[in-house]
Structures are given as C-alpha cells and as structure tokens.
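Here's the structure, in structure tokens; my notes come after.
Residue numbers (our numbering): 314 to 593.
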C-alpha cells in the first residue's frame, strides 16, 4: 500500500510537472524493487492523471466541444490542431513501440534523458515567449506549429523526456503565448495518454483470457503477460493518489508558467539525472 501511494504520488506530480512521469515511474520501480507491479498498475495510474485533466480544464474542454457542435470557426480550428498534433505522436508511439518499451528497462538511459529535459527547460527562458521576454504576447497556433509540437510529444515517449516540458518548451521557442502553450499541451495529451492507456488496457484484457493451455502453446505471449497484474485495493489507492496530485500539479504548473518560472524545474530534473547515474 505504501509503495502504491508513493508511485501514485510520483505519477500524479510528474505527469504534469515538466519532470517526466514515465522516467520517475521507471526510477521508482527500480528503487522500490516493484517490478512485479504490472502493466495494469501503470495503466490505472495514467488513467487517474488523465481524469485530472478533465477536472482542471473542464470549462475549456466543454467550450471546444460546444463550439464544434455550433461550427464556431475558432473552436473548430482548436480541435483541428489537437487532432493534427496527435497524428505524429501516434505514428511515433506505434511505429517505435518495441524500441521505446525497451528503454523502460534501462534506468541509466532514463537518467540521461532527464538531463536532456533539464536542458530544454533551462533554455526555454530565452524562447520568443520565455521568461526573458515577458513583453511578448505571442503568436497563435497554426497547422505547422501543431504538427511540430505533436512530433515532439511523440519523441517524449522516451522515458525521462518530459512530455509537458518538451511540448511547452517547443511552443515557447516558436513564440506561442505561455498560458495557451500550457493549455494546449495538456489538451493534446488527452488523445495521447488516453490512447496509450487504451492500448495497454486491451493488452491487459487479452492477457486475462490467456489459458494455461494457450500459454504452453505460445510461451512468448505468456512471458509478455507475466507482469500483467490485477485489480487490487492497492491499485485503487494508487489511482486515487495520482488523480488528486495530478490536479495539484496541473494548477501549480500553470501558475509557474504564467509567472515565468517554468525554467526553474530544470534544477530538479538535473539533480534526478545526476543522482540516478551515480546511485543506480
């Protein structure tokens, strides 16, 4: 139960703060020796944080949906940009799925990726709408900015590279308004995180239907299902913790972003990467 709470806390905070939730979960599993937690545990933690997006940005989401139904040009464009950004993310995530999953078994590679995330965060202050340019109101999102941001989100499937940190930094470098960059980053994460969780959930359900006889006939599939995990009270608590701290992290990050303090997270990420390389 204590391990579930800790991992739920890591997921809830790290999913939205620019410090990489996947990287923190890998390091958390390594330090807590929780390799037996299973894929379903991670899926449910991500589901908890996904729900927190709907809570924090419910008004924005409703505005977009209602605007699309009413054929409002502004809302239609915004929905289109979210869909457009999701295309390269999906192509990268699905096309390189096996290679990306292999990195989850390499904590040292995660630490190196954390150092890269820190570099992105630190240099973002010199972006067109970064902390060094508070007077710049920023430009509007367009199709090529959405595609580039979606591509970066796909690359951020690498554990240790923060999805929110890399996408927001990219938009800041392109001159997008900081507040809008934060909102768009989290809205575009809904299909990305939701899609990834759905694929893993389907994989988990398939594992549940694997009979002992079928496992003998297909040992490779049986091996992949060995860490599937199951629904437990500990899992429910971990999911609840990830949801609560996801809400806290979202509001905290949006505040930091609008105050021009986004780059300060770099120091924490660098510390994680350096200490990880030393002690793991």
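All C-beta atoms in this analysis are idealised placements derived from N, C-alpha and C, irrespective of residue type, glycine included.
Take residue 421, set aside five residues on each side of it, and the residues of its chain with a beta-carbon closer than 7 Å to its own are 590 and 593, in chain order.
A contact between stretches requires three or more CB pairs, one per stretch, nearer than 8 Å, and the stretch 562 to 577 meets this requirement with the stretch 314 to 332. Taking C-beta atoms under 8 Å as the contact rule, residue 430 and residue 475 qualify, at a distance of about 5 Å.
Here the stretch 494 to 503 makes contact with the stretch 455 to 469; the two share three or more CB pairs at distances below 8 Å. In this structure, residue 509 lies away from residue 360, with their beta-carbon atoms at least 8 Å apart.
Between residue 438 and residue 571, the gap from beta carbon to beta carbon reaches 8 Å or more.
The beta carbon of residue 314 sits closer than 7 Å to the beta carbons of 547 and 550 from its chain, once the five residues preceding and following it are set aside; these are given in chain order.
Nearest Cα to residue 470 within the set 336, 324, 316 and 319: 336. Take residue 356, set aside five residues on each side of it, and the residues of its chain with a beta-carbon closer than 8 Å to its own are 510, 513, 514 and 517, in chain order.
By the C-beta density criterion, residue 342 is buried, having at least 16 other C-beta atoms within 10 angstroms.
Setting aside the 5 residues that flank it on each side, residue 318 is surrounded in the same chain by 550, 551 and 554, each with a C-beta closer than 8 Å to its C-beta; the list follows chain order. Taking a C-beta distance under 8 Å as the contact criterion, residue 520 and residue 473 do not qualify as a contact pair.
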